[in-house]
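Anchor point for the sequence shown: position 334 equals 334 in UniProt numbering, and the numbering is continuous, going up by one each time. Positions of the beta carbon are idealized from the N, C-alpha and C atoms, including for glycine.
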Amino acid sequence: QGGRETNQVSDDYRYQDGNYEGYAPNDGYYRGGDEPTQEEDAQSDVTEGHDEDDEVYEGEYQGIPHPDDIKEKQKKRAPAVADEYRDRADLMAERMEDEEQLAHQYENIIEECGHGRFQWTLFFVLGLALMADGVEVFVVGFVLPSAEKDMCLSSSNKGMLGLIVYLGMMVGAVMLGGLADKMGRKKCLIISLAINAAFAFLSSFVQGYGFFLFCRLISGLGIGGSLPIVFAYFSEFLSREKRGEHLSWLCMFWMIGGIFASAMAWSIIPHYGWGFSMGTNYQFHSWRVFVLVCSLPCIASLVALKFMPESPRFLLETGKHDEAWMILKQVHDTNMRAKGEPERVFTVSYIKTPKQVDEFIEIQSSTGTWYQRWLVRITTTLKQVWDNVLYCLTAQYRMNTLMLAVVWFTMALSYYGLIVWFPDMIRYLQEEEYESQVKIFEEEEVSHFTFNFTLENQIHRNGEYRNDKFIGMKLKEVRFEDSLFEDCYFEDVTSSETFFENCTIISTVFYNTDLYEHKFINCRLINSTFMKEKEGCHLDFEEDNDFLIYLVSFLGSLSVLPGNIISALLMDKIGRIKMIGGSMLISAVCCFFLFFGNSESAMIGWQCLFCGASIAAWNALDVITVELYPTDKRATAFGILNGLCKFGAILGNSIFASFVGITKVVPILLASSALVGGGLLALRLPETREQVLM
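Put into C-alpha cells, the structure is as follows:
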C-alpha cells in the first residue's frame with residue numbers, strides 16, 4: 001500500500017489533556033512504548049504499517065514523519081550532559097511534568113494488571129504489620145498491673161512506662177517514614193519490623209526497670225515507623241477505584257491486633273505460675289510470656305515480607321525502569337493466572353520515568369576510610385529526608401499539611417485520651433465500691449493468738465495485740481491505726497497496700513516480710529527487730545477486676561468492626577472528606593452521653609459507641625493522607641502527621657488521666673470540642689477520591 005494510504009502507528013505514550021494515546025480501551029491492553037524492547041520476539045509484536053487486511057506488520061513505509069515526532073526524537077538524542085548547565089527550576093518543572101504523565105500511565109497499567117491474588121497476598125502480609133502496631137498500643141497497659149509489682153514501680157515509673165511507647169512511635173514515624181521515600185518501602189518496612197521484633201522479644205527477658213523501659217522505647221520506634229510505610233506501600237499497588245475501599249479494609253488489622261492482645265492477656269497473665277525463676281534475682285512470670293507472644297504478628301509479617309517485591313511506583317520515581325517493569329509484569333501474571341487467563345500478555349513495554357534531579361554521589365571503596373564513606377552516605381540521606389520534610393511545607397502543600405496536622409492532632413488527643421480515661425474510670429468506680437465495703441474494727445484486744453489467714457479491706461483502730469503471731473499470712477488493703485503491738489512475731493508476711501499509722505511497736509520481731517520502713521507512718525518502734533526482709537516485689541494477689549479490664553479492651557476493639565465495614569463500603573461513594581467530618585461530629589455527640597455514665601456497664605457501652613463512631617474518621621484520614629502527596633514525599637508526609645498524632649496521644653493520656661476521680665466535665669468538654677473543631681476543619685480539605693496517585 002502507498003505511504004499516504006497507511007495509518008501512522010506511534011508507540012509513544014503522549015499525554016494530551018489527561019489522556020494517553022496508545023491505550024486501547026476496547027481490549028484493555030497497552031500498545032508498545034517509547035523505547036524498543038530488548039527481545040526480538042517482542043519487536044515483531046509491536047510492528048509498523050498495515051497490509052491489505054489492515055494487519056500491522058514490520059518494515060512498511062509509513063509516510064513522512066510528523067514534525068512533532070522529529071522534535072521529540074531530536075530531544076531524546078540530545079546529550080545528557082546538557083542537564084548540568086540547566087537551571088534547577090527547569091529540571092524540577094520537567095520532572096513535575098514527567099510525574100504527571102507517569103501518574104496517569106501508571107493508573108492505566110495498574111488497571112491492566114487487575115486486582116487479584118497478588119494484592120490480597122500483600123494485603124495479609126501488610127495486615128500483620130498493622131496488627132503488630134495495634135498490639136503494641138495495648139501491651140504496656142495490660143502488663144502494668146503485674147510489672148509494677150515485679151519491678152517495684154512507683155506511680156511516676158508506671159506513667160513513664162505508659163508514655164514511652166508513644167514517644168518511640170512518634171520518633172519512629174517521622175524518621176523511618178522519611179527514609180522510606182529514599183531507601184524504599186520494603187527495605188525500610190523490614191528494618192522497622194526487625195527493630196520492633198528484636199526489642200519486643202528482648203523486653204520480655206530483662207529484669208530491671210530501666211532496661212525494660214529502653215527496650216519498649218526502641219520497640220515503639222520500630223513499630224511507629226511501620227505505619228506510614230504500610231499505607232504508602234499498599235496504596236501503590238491499588239487502582240483509583242479500589243484504593244479507598246481496600247485501604248479501609250486494611251485498617252481492620254489494627255482492630256484485630258487489639259482483639260489479639262486482649263484475648264492473649266486474658267488467657268495468659270492471670271496464670272501467674274506460667275513461667276520459671278532462677279533464684280531470687282531472675283523471675284519470668286506469666287506477663288513476660290504475654291509480651292513474648294505479642295511479638296509473633298511482627299515476626300510473621302517480617303518473614304512474609306521477604307517474599308514480596310518493592311513498590312514499582314517507588315522504583316519508577318528513582319529511575320529504575322527495568323526493575324519496576326518486571327514487578328508489574330509479576331503482578332499482572334499472578335493475577336491473570338489466578339483468574340484462569342494465563343494467556344493474557346502484559347503489553348506494556350515502556351513506562352515513563354521522571355527526570356532524576358537529586359544529587360547523590362556514590363563514594364568509591366578506595367575513597368577515605370569506611371566510616372568516612374558511611375558518614376557521607378548517612379548525612380546525604382538525612383539531608384534528602386529533611387528536604388522532603390520542608391517540601392511538605394512549601395506553598396503547594398502548606399495549607400493541606402497544616403489542616404491535616406490539626407485534624408490528626410485533635411483526633412488523637414480525643415481518641416487516645418478517652419481510651420485511657422475509660423478503663424481508669426471503670427477502675428475508679430470499682431475502687432469506690434470496694435472502699436464502701438471496708439470493715440472497721442474498733443478497740444479490739446487480741447493476745448496469744450496466731451494469725452495465719454488473709455486479711456483484706458479492713459481498718460483496725462485503737463487495737464492492742466500482745467504475744468500474737470502473724471505467720472504465713474497475706475494482708476491486702478489493711479490499715480492499723482493508733483494500735484499497740486507488744487511481743488509479737490511476724491514471719492513470711494506478704495502485704496499489698498497495707499500501712500501502720502501512729503502505732504506503737506514494742507519488742508516485736510519481723511522475719512522474712514515485706515513490711516518495709518515506708519509502711520510504718522509516724523510509728524514508734526521500741527526494741528523491735530527486722531530480719532531477712534523479702535527482696536524484690538511479689539505478685540501475691542490476683543486482681544479480681546483484671547479480667548474486666550481485658551474485657552473492656554476486647555469489647556472496645558471489637559466495637560469498631562461495624563464502623564470499619566461501613567467506612568470501607570462507603571469510602572469511595574461518599575468521599576473521604578464527608579467521612580472524616582461526619583465521623584468526628586458523631587463522635588463528639590457520643591462524648592456528651594458520657595455525663596450519664598455512672599456505672600461500669602454504662603461506661604463500657606459508651607466506650608464501644610465512641611470507638612465504633614470514630615474509626616471511620618481514622619480510616620478516611622489514612623486514605624486522604626496517602627492520596628494528597630506525591631510518591632517521593634508520601635511516606636514522609638504520613639510519618640510527620642502520624643508523629644504529630646502520637647504527640648497528641650501523649651498529651652491526651654496525661655491530661656485525661658489527671659482528672660480521673662476529680663471531675664468528668666473537663667475530659668468530656670475537651671474531647672468533644674476538639675472533635676467538633678477538627679471535624680469542621682476537615683470539611684475544607686480537598687476531595688481526592690477521583691484523583692490518580694501522583
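{"Query": "Residues near I299 in its chain [Cβ-Cβ closer than 6 angstroms; skip 5 each side]", "Result": "A197"}
{"Query": "Assigned secondary structure, F142 (DSSP; H/G/I helix, E/B strand, else coil)", "Result": "helix"}
{"Query": "CA-to-CA distance, R377 to M183, given in whole angstroms", "Result": "12 angstroms"}
{"Query": "Beta-carbon separation (whole angstroms), I650 vs L167, contact threshold 8 angstroms", "Result": "7 angstroms"}
{"Query": "Contact belief for F142 with F290 at Cβ below 8 angstroms, rounded distance in angstroms", "Result": "7 angstroms"}
{"Query": "Collapsed DSSP secondary structure at E100 in the structure displayed", "Result": "helix"}
{"Query": "Contacting residues, own chain, Cβ-Cβ under 8 angstroms from Q38 (five flanking each side not counted)", "Result": "Caution applies to Q38, whose pLDDT of 43 falls short of 50 and renders its modelled position unreliable; the value that the coordinates give is listed next. Result list for Q38: empty, nothing under 8 angstroms."}
{"Query": "Assigned secondary structure, N457 (DSSP; H/G/I helix, E/B strand, else coil)", "Result": "strand"}
{"Query": "With 16 other Cβ atoms within 10 Å as the buried cut-off, status of G225", "Result": "buried"}
{"Query": "Residue interval of the beta strand (DSSP E) (run including Y489)", "Result": "489 to 491"}
{"Query": "I440 classed as buried or exposed, judged by whether at least 16 other C-beta atoms fall within 10 angstroms", "Result": "exposed"}
{"Query": "Test item: CB-CB of E497 and I521 under 8 angstroms", "Result": "no"}
{"Query": "Contact set for L250: own chain, Cβ-Cβ below 8 angstroms, skip 5 residues either direction", "Result": "F123, L126, G127, L130, V230, F231, F234"}
{"Query": "Buried versus exposed call for H246 [16 or more other C-beta atoms within 10 Å across all chains shown]", "Result": "buried"}
{"Query": "Which listed residue (L669, K646, A412, H115) has its alpha carbon closest to that of V331", "Result": "H115"}
{"Query": "Contact between the stretch 610 to 624 and the stretch 405 to 416 (3+ Cβ pairs under 8 angstroms)", "Result": "yes"}
{"Query": "Local conformation of M160 per DSSP, three classes", "Result": "helix"}
{"Query": "Spatially closest choice to G581 from S553, W618, F593, by CA coordinates", "Result": "W618"}
{"Query": "Burial state of N527 (16 or more Cβ within 10 Å)", "Result": "exposed"}
{"Query": "Residue from L670, S146, A635, A671 with nearest C-alpha to G172", "Result": "A635"}
{"Query": "Local conformation of M694 per DSSP, three classes", "Result": "coil"}
{"Query": "Touching by the beta-carbon criterion (3+ pairs, under 8 angstroms), the stretch 582 to 591 and the stretch 550 to 557", "Result": "no"}
{"Query": "C-beta contact flag for P648 and Y416 at 8 angstroms", "Result": "Per the sequence presented here, residue 648 reads as Gly, with Pro not at that position. Result yes, Cβ atoms of G648 and Y416 sit closer than 8 angstroms."}
{"Query": "Assigned exposure category for E432 - 16 Cβ within 10 Å defines buried", "Result": "exposed"}
{"Query": "T529 versus V560, C488, I577, residue with shortest Cα-Cα distance", "Result": "C488"}
{"Query": "Beta-carbon separation (whole angstroms), G463 vs S483, contact threshold 8 angstroms", "Result": "4 angstroms"}
{"Query": "DSSP three-state assignment for L238, whether helix, strand or coil", "Result": "coil"}
{"Query": "6 angstroms CB neighbourhood of D492 in its chain, flanking five on each side removed", "Result": "G472, N512"}
{"Query": "Extent of the continuous beta strand (DSSP E) to which R524 belongs", "Result": "524 to 526"}
{"Query": "Inter-residue CB distance, S672 and A588 (contact presumed, cutoff 8 angstroms)", "Result": "4 angstroms"}
{"Query": "Option in S349, G257, K476 with minimal Cα separation from G556", "Result": "G257"}
{"Query": "Own chain, CB closer than 6 angstroms to R479, minus 5 neighbours either side, in chain order", "Result": "I459, F499"}
{"Query": "Buried or exposed (CB count within 10 angstroms, at least 16 for buried), E317", "Result": "buried"}
{"Query": "Separation of I668 from L621, as counted between CA atoms", "Result": "23 angstroms"}
{"Query": "Bridge partners - F530, DSSP secondary structure assignment", "Result": "F510"}
{"Query": "Helix, strand or coil at F450 according to DSSP, with G and I counted as helix", "Result": "According to the sequence provided, residue 450 is Thr. The question's Phe does not apply to it. Reduced to three states, the DSSP call for T450 is strand."}
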